[in-house]
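Engineer: Residues in the sequence shown are numbered from 1024 upward in steps of one, following this note's numbering. Glycine included, every Cβ here is placed at the ideal spot set by N, Cα and C.
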Amino acid sequence: MEKLDLKFENVPNNWAVCFNNSCPLKEQCLRHQAAMTVPDGVCQGMSVWPQAYKDGQCRMFAEIKTVTMVWGFSQLYKDLRHEDYKEIRPRMEDHFGRAGNYYRYNRGEKLLTPADQQWIQQLFARYGYKADVVFDHYESRLVFPHTNA
């Protein structure tokens, strides 16, 4: 697993962190690692209580996982045959939204999730383009599970 710099400002506001320093899972838990980034001036927030860890398991354990997010596809169409472009481009617009949303993705103002990336790759493959689709920017990000319960 790639080691990322975890910064407190990247931790979601309503996400519980864990200060249980005696937990045997703390090195693999995003909640504990996030707690270690809390700045001195922060005095309160959501936290996991020690009762979450019982019988060798933690109900609040959050495995440290990363996902590759991409943005921008200014070069996406450069190697397409014209007849394929005329079909692929409208499908892209339909998928990402015609009311300006498509252009936000194109310019890199909105991030493409792994599911979006896979959808684009499959779209191009259906037209016979087997090479990996290349985006303008790539960044690994930590995945914060959506639940606190």
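(1) Let me make sure I understand the geometry here. Which of MET1115, PHE1084, PRO1168 and GLU1162 has the alpha-carbon closest to that of PRO1137?
(2) Please confirm whether TRP1038 and MET1069 have their CB atoms less than 8 Å apart.
(3) Excluding five sequence neighbours on each side, which residues of the same chain lie with their C-beta closer than 6 Å to the C-beta of HIS1055?
(4) Can you tell which of MET1092, VAL1093 and LYS1109 has its C-alpha closest to the C-alpha of TYR1100?
(5) Give the DSSP bridge partners of SER1163, in chain order.
(6) Under the three-state reduction of DSSP, which class applies to VAL1040: helix, strand or coil?
(7) Just to confirm before moving on: does the CB-CB distance between ASP1155 and GLN1141 stay below 8 Å?
(8) Can you tell me whether GLN1080 is helix, strand or coil according to DSSP?
(9) Along the chain, where does the alpha helix (DSSP H) that runs through GLU1106 open and close?
(10) Please state if the CB of GLY1095 and the CB of GLY1131 are separated by a distance shorter than 8 Å.
(11) Just to check my reading of the structure: ASP1166 and VAL1090 have Cβ atoms closer than 8 Å, yes? What is that Cβ distance to the nearest angstrom?
(12) Just the Cα atoms here: how many angstroms apart are ASN1171 and TYR1128?
(13) According to DSSP, simplified to helix, strand and coil, what is LEU1099?
(14) Can you tell me which residues form a DSSP beta bridge with SER1070?
(15) Note the first and the last residue of the continuous alpha helix (DSSP H) segment covering PRO1137.
(16) Quick check on ALA1057: buried or exposed, where buried means 16 or more other Cβ atoms within 10 Å of its Cβ?
Structural biologist: In short, the structure shows the following:
(1) Taking the Cα of PRO1137 as reference, the smallest distance to any Cα among MET1115, PHE1084, PRO1168 and GLU1162 is reached at GLU1162.
(2) Going by C-beta atoms, TRP1038 is nearer than 8 Å to MET1069.
(3) CYS1041 and LYS1049
(4) That would be LYS1109, whose Cα lies nearest to the Cα of TYR1100.
(5) DSSP, once it has assigned bridges, lists THR1091 as partnering SER1163.
(6) DSSP places VAL1040 in strand when its eight states are reduced to three.
(7) Contact flag unset, no.
(8) strand
(9) Membership of GLU1106 in the alpha helix (DSSP H) is indicated by the continuous run 1105 to 1119.
(10) Yes, they are a contact pair.
(11) According to the sequence shown, residue 1166 is Val rather than Asp. At roughly 5 Å, the Cβ-Cβ gap stays under 8 Å, so VAL1166 and VAL1090 are in contact.
(12) No answer about ASN1171 holds up, because its pLDDT of 45 lies below 50 and its placement is not dependable.
(13) coil
(14) VAL1040
(15) 1137 to 1149
(16) buried
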